[in-house]
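Report on the structure given below.
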Amino acid sequence: MRTIKVQTGRPYDILIERGLIDKCGQLIKEVSKAQKVCVVTDSNVEKIYAKRVIDSLKEQGFETTLFVFEAGEERKRLSTIADMYSCFADFHMSRKDLVVALGGGVTGDMAGFAAASYMRGIEFVQIPTSLLAQVDSSVGGKTGVDIQQGKNLVGAFWQPIRVIIDPDTLNTLPQHFINDGMAEVIKYGCIKDRKLFETLKNENAMDIIEDIIEICVSIKRDVVNADEREKGERMLLNFGHTLGHSLEKIYSYRGLSHGEAVAIGMCIITAASEKSGITKAGTTAEIVSLCSKYGLPTSDSAGFGEIAETCQSDKKTSAGKVNLVLLKEIGVSFTEPTELSKLEEFITV
Ligand SMILES: NC(=O)c1ccc[n+]([C@@H]2O[C@H](COP(=O)([O-])OP(=O)(O)OC[C@H]3O[C@@H](n4cnc5c(N)ncnc54)[C@H](O)[C@@H]3O)[C@@H](O)[C@H]2O)c1
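Using the working numbering, you'd call the opening residue of the sequence shown number 178 and step up by one each time.
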């Protein structure tokens, strides 16, 4: 089993191994004194994995209940959290009890937020089952929900007590969501790891997915260790995301997935910085080629003016500035505070 240690305020281990989902009860028993466990999952994941998780928990003597919500980002909202609190309270969960997030990023973000706030905070474990959740969202302790005014506007930093990653669960993940997760994997190569980028070029990522997950999680771990509350280094994880979020918003979060929007965002911002002489010549072509290899789009018909304009409402902008994440070359990234009023000119190529 591969073990990655995260040294945040509340340190925890990330465990990676095929078949781990059936051992989750034992792995949770090692770190939790809970009597009761609420497994939070969505309607798709429930059908495939909930029984295996519940059986494993029961084998270790945990009392269990299941909270299932309808799959999809539309349910990542406060009303679902309210239903979750009711489920915890009806099950008479105390401050010593535990929440298990079983599913993709939507499940992890919501279950984590409910755990962060129920009785002012109870423990939770992540069992991520989508590629995006395994390489990114289950690590780092960001939890939350969307509100009408924007995505992830309400939330809390709350670290899990363990992350249990079973790469075999990706066998049932629809290809579209594999592609989505690959955008984040490519991002890690771009910002921190030329070798990972080369591996993604030369191999089929899914053939060596355990290695890929371990590399990505280790990069995220290092970044989070250095900056748990996103004051500096952690911003690098937003490479491609500022423009990506604009695109998602332009398409009203439908029609263009998060990963697709991030892929386009990485290509546009790198074309802009390459044009300005900041980024090594040829870098954009490399990113475009890799995104295409993994089924991701690299451009969009939305105008640069509209994309820049939509950035103004991004929660990461302040005092008329946005922190753009740029590359010097593949594997070397930095942040550059940029006037929002100059963004359209900068990204227009
Ligand atoms: N907390 C963070 O640091 C962080 C980072 C990045 C993204 N996010 C959040 O993550 C969310 C996106 O995550 P996501 O792409 O995993 O979305 P998701 O949770 O909606 O999962 C995608 C789809 O895959 C299905 N699914 C998941 N695992 C499966 C499996 N093994 N087999 C079959 N189907 C499966 C789900 O039911 C869903 O339909 C967004 O809300 C985003 O804001 C959070």
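Built from N, CA and C at the ideal position, the CB exists for glycine as well.
Checklist entry - Given 8 Å as the limit, is there contact between the segment 328-339 and the segment 292-308, that is, 3 or more CB pairs closer than that? => result Taking 8 Å as the limit for Cβ pairs, the verdict is that the segment 292-308 does touch the segment 328-339.
Item to check | Residue environment, residue 218, which counts as buried when at least 16 other CB atoms sit within 10 Å | outcome: buried
Item to check | Inter-residue Cα distance where the pair is residue 588 and residue 488 | outcome: This structure leaves residue 588 out entirely; the chain is present only between 178 and 526.
Next on the checklist: Using only the alpha-carbon positions, how far apart do residue 181 and residue 480 sit?
Outcome noted: 42 Å
Next on the checklist: Could you tell me the alpha carbon to alpha carbon distance between residue 197 and residue 183, rounded to whole angstroms?
Outcome noted: 19 Å
Checklist entry - Between which two residues does the beta strand (DSSP E) harbouring residue 219 extend? => result Run containing residue 219: 213-219, per the beta strand (DSSP E) assignment.
Checklist entry - Can you tell me whether residue 344 is buried or exposed, with buried defined as 16 or more other CB within 10 angstroms of its CB? => result With 16 or more Cβ atoms within 10 Å of its Cβ, residue 344 is classed as buried.
Checklist entry - Does DSSP put residue 190 in a helix, in a strand, or in coil? => result Correct three-state label for residue 190: strand.
Checklist entry - So what does DSSP say about residue 229, is it helix, strand or coil? => result helix
Checklist entry - Start and end of the alpha helix (DSSP H) containing residue 246? => result Careful: residue 246 lies outside any alpha helix (DSSP H), inside the beta strand (DSSP E) at 240-246.
Next on the checklist: Please state whether the Cβ-Cβ distance between residue 289 and residue 320 is less than 8 Å.
Outcome noted: yes
Next on the checklist: Since residue 209 and residue 279 should fall inside the 8 Å C-beta cutoff, what is the C-beta to C-beta distance between them, to a whole number of angstroms?
Outcome noted: The Cβ separation is near 15 Å, so there is no contact.
Checklist entry - DSSP state of residue 323, grouped into three classes? => result strand
Checklist entry - Going by C-alpha distance, which of 431, 371, 255, 228 is nearest residue 153? => result Outside the shown range of the chain (178 to 526) lies residue 153, about which nothing can therefore be said.
Item to check | Within 8 Å, strictly: CB atoms of residue 397 and residue 502 | outcome: no
Next on the checklist: Assuming residue 180 is part of the beta strand (DSSP E), what are its boundary residues?
Outcome noted: 179-183
Checklist entry - Do you know how far the Cα of residue 516 is from the Cα of residue 272? => result Rounded to the nearest angstrom, the two C-alpha atoms are 46 Å apart.
Checklist entry - Would you say residue 386 touches ligand 1, meaning its beta carbon is less than 7 Å from a heavy atom? => result A distance criterion of 7 Å places the beta-carbon of residue 386 beyond contact range of ligand 1, judged by its closest non-hydrogen atom.
Next on the checklist: For residue 418 and residue 238, I'd like the C-alpha separation in whole angstroms.
Outcome noted: 43 Å
Checklist entry - First and last residue of the beta strand (DSSP E) that includes residue 510? => result 509-516
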